[in-house]
Amino acid sequence: MSMKSRIPLILLACGSFNPITNMHMRLFELARDHLHQTGRYQVIEGIMSPVNDDYRKKGLVPARHRVAMAKLALETSDWIRVDPWESEQETWTETVKVLRHHYNESLRLLQYKKEFIKNKQPLEGSTENSLSSHYTVLPELKLLCGADFLQTFQTPNLWKKEHVKEIVEKFGLVCISRAGSDPAQYISESELLTKFQHNIFLVKEWIQNEISATQIRYALCRGLSVKYLVPDSVISYIAHHNIYTEESERKNEGDLLQPLQLHNTTVSPLND
Ligand SMILES: O=P(O)(O)OP(=O)(O)OP(=O)(O)OC[C@H]1O[C@@H](n2cnc3c(O)ncnc32)[C@H](O)[C@@H]1O
Ligand SMILES: NC(=O)c1ccc[n+]([C@@H]2O[C@H](COP(=O)(O)O)[C@@H](O)[C@H]2O)c1
Ligand SMILES: [Mg+2]
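This is the structure:
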């Protein structure tokens, strides 16, 4: 199958990115390699979507900083970008709705490109660009995550069942291995995930590491080095704005709307 006849695919990663780490960016690289090796897909774009401040996870610093850090980190990527849409909404947005938004955006872009072709106007950069070689094919949009994310599907009241169904049935998942998580087991334990297994891509990271944003924040609070774990540009930004401190780590502490209770309480503004 030539690259041209492959299905164009967009990867979307949702999370706190508090702060972005080298591993967050590696997720995209690992996923793209894996999908290309299937011979069926061409990954055309990666989107990182930092969660809204209203998610109220402990230690979550303002989205403007998380977005700014992700932008700095992704300056060296020619295919991954950060999208602030989710972080700019009035409240927290459930992940399936973020997927729907970006799916609709890719539809709009396709319509726009088709208009250009109809009017026989030359499409900007249409000769070499791999993005525009697919301008008449609707891309698939898949949710990119780590194996611990898959595990949260099992947490009571955290995800609506119809949302999980829509994610795996309509969109699809690409899940990267993570120490301490066994995604194949989570799938086998879930009737729903088993049913849509064909739409869940499990990717093994052979070069194991255990970078976690929480550990990065702890190191920063203690004045320890995080060099080579997050990009230098992000380290400078953190130092310049003094973002991660003991005080920032106490943010949302004891909040009744901690993520684990998202769908558990009637007073939560996070419910619809
Ligand atoms: O400690 P926290 O604050 O939870 O930070 P984190 O490193 O888990 O990072 P996020 O929650 O922001 O994760 C965003 C996504 O990245 C995934 N991810 C982060 N670090 C990873 C790692 O080392 N290996 C595999 N997946 C990872 C994670 O599963 C989510 O799907
Ligand atoms: N019901 C839902 O849609 C739901 C529930 C819990 C977390 N999430 C998302 O999963 C991600 C989890 O990120 P963290 O691992 O940083 O907590 C966030 O993007 C959050 O919005 C979605
Ligand atoms: Mg996490």
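To get the working numbering, take the position in the sequence shown, counting from 1, and add 1319. Each residue gets a CB set at the ideal place from its N, CA and C atoms; glycine is no exception.
Nearer than 7 Å: is that true of the beta carbon of Val1370 relative to any heavy atom of ligand 2? Here residue 1370 corresponds to residue number 51 of the sequence shown, with the count starting at 1. The answer is yes for Val1370.
Quick check on Val1415: does DSSP put it in helix, strand or coil? Sequence index remark: in the sequence shown, residue 1415 carries index 96 (1-based). Looking at Val1415 - three-state DSSP - the assignment turns out to be helix.
Checking the sheet assignment: what are the DSSP bridge partners for Glu1364? Start at 1 with the first residue of the sequence shown, and residue 1364 comes out as number 45. Partner(s): Ile1329.
Confirm, please, whether the CB-CB distance from Leu1460 to Leu1331 is below 8 Å. Numbered from its first residue, the sequence shown carries residue 1331 at position 12. Numbered from its first residue, the sequence shown carries residue 1460 at position 141. Yes, the Cβ-Cβ distance between Leu1331 and Leu1460 is below 8 Å.
Tell me the start and end of each unbroken alpha helix (DSSP H) in the region 1498-1547 that is at least 4 residues and wholly inside, in chain order. 1502-1508, 1510-1514, 1532-1540
With hydrogens ignored, establish whether the beta-carbon of Asp1574 is closer than 7 Å to any heavy atom of ligand 3. For the purposes of this step, residue 1574 is taken as residue 255 along the sequence shown, with counting starting at 1. Every heavy atom of ligand 3 is 7 Å or more from the Cβ of Asp1574, so no.
Burial state of Arg1359 (16 or more Cβ within 10 Å): Taking the sequence shown and counting its residues from 1, the one referred to as residue 1359 is at position 40. Its Cβ having fewer than 16 others within 10 Å, Arg1359 is exposed.
Considering only residues of the region 1371-1396, which uninterrupted alpha helix (DSSP H) runs meet the minimum length of 4 residues and lie entirely inside it, listed in chain order? 1382-1392
Report the rounded CA-to-CA distance for Ala1538 versus Ile1339, giving the unit in angstroms. Here residue 1538 is taken as the residue at index 219 of the sequence shown, counted from 1. Here residue 1339 is taken as the residue at index 20 of the sequence shown, counted from 1. Cα-Cα distance, rounded: 14 Å.
On a Cα-Cα basis, can you pick out the residue from Asp1372, Lys1546, Leu1428, Glu1348 that is closest to Pro1403? What you label residue 1403 is simply residue 84 of the sequence shown in a count that begins at 1. Looking at the Cα atoms, Asp1372 is the closest of the given residues.
For my contact list, Leu1354 and Leu1393 are in at a C-beta cut-off of 8 Å; report their separation, rounded to the angstrom. As a working mapping, residue 1354 is identified with position 35 in the sequence shown. As a working mapping, residue 1393 is identified with position 74 in the sequence shown. Leu1354 to Leu1393, Cβ: 19 Å. No contact.
Could you compute how far the alpha carbon of Met1388 sits from the alpha carbon of Ser1552? Within the sequence shown, the letter at position 69 stands for residue 1388. Within the sequence shown, the letter at position 233 stands for residue 1552. Roughly 8 Å between the two C-alpha positions.
Which value, in whole angstroms, describes the spacing of the CA atoms of Glu1488 and Lys1416? Counted from its first residue, the sequence shown places residue 1488 at position 169. Counted from its first residue, the sequence shown places residue 1416 at position 97. Roughly 14 Å separates the two Cα atoms.
Can you determine whether any heavy atom of ligand 1 sits closer than 7 Å to the C-beta of Thr1533, and answer yes or no? In the sequence shown, counting from the first residue as 1, residue 1533 sits at position 214. It does: the Cβ of Thr1533 is within 7 Å (strictly closer) of some heavy atom of ligand 1.
Using the Cα positions of Ser1370 and Gly1334, report the straight-line distance between them to the nearest angstrom. Translated into positions along the sequence shown, residue 1370 becomes position 51. Translated into positions along the sequence shown, residue 1334 becomes position 15. The sequence given here has Val at residue 1370, not Ser. Near 6 Å, if we compare the C-alpha coordinates of Gly1334 and Val1370.
Compute the minimum distance between the beta carbon of Ile1557 and the heavy atoms of ligand 1, and state whether it is under 7 Å. The residue you call residue 1557 lines up with position 238 of the sequence shown. No, ligand 1 has no heavy atom inside 7 Å of this Cβ.
Indicate, with yes or no, if ligand 2 has a heavy atom lying under 7 Å from the CB of Thr1414. The sequence position of residue 1414 within the sequence shown is 95, counting from 1. Thr1414 Cβ: within cutoff of ligand 2.
Selection from Gly1465, Ile1436, Asn1476, Leu1543 that minimises the alpha carbon distance to Ala1503: The residue labelled residue 1503 in the question sits at position 184 within the sequence shown. Here the closest residue by C-alpha is Gly1465.
For Lys1480, the three-state DSSP class (helix, strand or coil): In the sequence shown, residue 1480 corresponds to position 161, counting from 1. In the three-state DSSP reduction, Lys1480 falls in the helix class (H, G or I).
Work out the CA separation of Lys1570 and Lys1377 for me, nearest whole Å. In the sequence shown, residue 1377 corresponds to position 58, counting from 1. In the sequence shown, residue 1570 corresponds to position 251, counting from 1. Straight-line Cα distance between these residues: approximately 6 Å.
Taking the C-alpha atoms as reference points, what is the distance between Ser1449 and Leu1543? What you label residue 1449 is simply residue 130 of the sequence shown in a count that begins at 1. What you label residue 1543 is simply residue 224 of the sequence shown in a count that begins at 1. Annotation note: pLDDT 48 at Ser1449 (below 50); position unreliable, no value reported.
Measure from the alpha carbon of Ile1326 to the alpha carbon of each residue in Thr1533, Ile1363, Ser1368, then state which is nearest. Along the sequence shown, one-based indexing puts residue 1326 at 7. Among Thr1533, Ile1363, Ser1368, the Cα nearest to that of Ile1326 belongs to Ile1363.
Given a cut-off of 8 Å on the beta-carbon distance, is the pair Ile1535 and Leu1548 in contact? Looking up residue 1535 in the sequence shown gives position 216. Looking up residue 1548 in the sequence shown gives position 229. Yes, they are a contact pair.
Could you tell me whether any non-hydrogen atom of ligand 3 is closer than 7 Å to the CB of Gly1378? Stepping through the sequence shown from its first residue, residue 1378 is reached at position 59. It does not: the Cβ of Gly1378 is nowhere closer than 7 Å to a heavy atom of ligand 3.
Bridge partners for Pro1369 per DSSP, in chain order? Within the sequence shown, residue 1369 is the residue found at index 50, counting from 1. Pro1369 is bridged to Gly1334.
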